[in-house]
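Asks: Chains as they are written, first to last, in this note's numbering: chain A, 2 to 105; chain B, 2 to 105. Where is the CB? At the ideal position from N, CA and C, for every residue including glycine. What follows is a single structure, and I will ask about it in a moment.
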DNA sequence: TTGACATGCAACTATTTGGTTGCCTATTAT
DNA sequence: ATAATAGGCAACCAAATAGTTGCATGTCAA
């Protein structure tokens, strides 16, 4: 879980996930196109995404195809974000009460 | 949005949010209890959480009360995670097809 | 009013991170 | 066979991060 949060912390990596969401199964070179960093930098980001299990690779000849795995993202939604949505309204109203109390 | 992802990337900060979720409106010293880092380290984490608008503070005398703001977490769920959940099944089946194709 | 308590500020440090360059290897096409 | 293509590896670098220590300030209670 920590690895997933860490992987998602970088905007370049999130944009790689976006690109895979738009078009799945891209090669490394495809994913490098239009980006202002070297292929090696992109490789490093993809390794981090693989280690967080957000991307799965399939080697085909000299090419490396990258596939998005949406499961960890879904799990963050289910196991982490939802927890804070329960009681969301309660938290906000408590804060509001406190802010008003300050000016008494 | 980037600030929120960055703020959530650290396990100590996520656990601070958890603690505020369990008991809202805690002081700095309260939040430090039981943690194996100095008060100053906790302060730095809280500043990052404030800047990401995940925590709101209310000063009361010499104390500083911390309140959880669940809105940015909710927004990540809505604006980011949901996007990847649409088409989740499609992505997985495409990957499966590709993995099988490899062994033909 | 003086001491205890809650927090703030600044300087410093070690480690991690995001990126680079240079070169090497494996596969495909001519 | 050989050149072009796709990717891998390792060393290096600068900046950001997570933490520390030491001291200062503001507030409350005896």
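Terminal residues of the continuous beta strand (DSSP E) containing residue 44(A)?
Replies: No beta strand (DSSP E) holds residue 44(A); the alpha helix (DSSP H) holding it covers 40-52.
Asks: If contact means a Cβ-Cβ distance below 9 Å, which residues of the segment 14-29 of chain B contact chain A?
Replies: For the segment 14-29 of chain B, which is checked against every Cβ of chain A, the residues closer than 9 Å are 15, 18, 19, 21, 22, 25 and 26.
Asks: Who are the neighbours of residue 86(B) on chain A, taking C-beta pairs under 8 Å?
Replies: Those within 8 Å of residue 86(B) in chain A are 71, 74, 75 and 78.
Asks: Please list the partners that residue 49(A) has in chain B, where partner means a Cβ-to-Cβ separation under 9 Å.
Replies: Neighbours of residue 49(A) on chain B: none; closest Cβ ~12 Å, over 9 Å.
Asks: Span of the alpha helix (DSSP H) holding residue 58(A)?
Replies: Not the alpha helix (DSSP H): residue 58(A) falls in the beta strand (DSSP E), residues 56-61.
Asks: Can you give me the C-alpha to C-alpha distance between residue 9(B) and residue 41(A), rounded to a whole angstrom?
Replies: Straight-line Cα distance between these residues: approximately 27 Å.
Asks: Please compile the residues from chain B whose C-beta is within a distance smaller than 8 Å of the C-beta of residue 7(A).
Replies: By Cβ distance, chain B contributes 10.
Asks: Sorted by chain position, which residues of the same chain lie with C-beta nearer than 6 Å to residue 104(B)'s C-beta, five sequence neighbours on each side aside?
Replies: In this prediction, residue 104(B) has a pLDDT of 48, which is less than 50 and means its spatial position is unreliable; what the coordinates show is noted afterwards. So no residue of the chain qualifies.
Asks: Quick one: what's got a C-beta closer than 8 Å to residue 20(A)'s C-beta in the same chain, skipping five residues either side?
Replies: Taken in chain order, the residues that qualify are 27 and 32.
Asks: DSSP has residue 27(B) in a bridge; who is on the other side?
Replies: Answer is 67(B).
Asks: Give the single residue among 56(A), 68(A), 65(A) and 39(A) whose Cα lies nearest to the Cα of residue 4(A).
Replies: Closest by alpha carbon: 56(A).
Asks: Would you please verify whether the beta carbon of residue 58(A) is less than 8 Å from any beta carbon of chain B?
Replies: Cβ-Cβ to chain B under 8 Å: no for residue 58(A).
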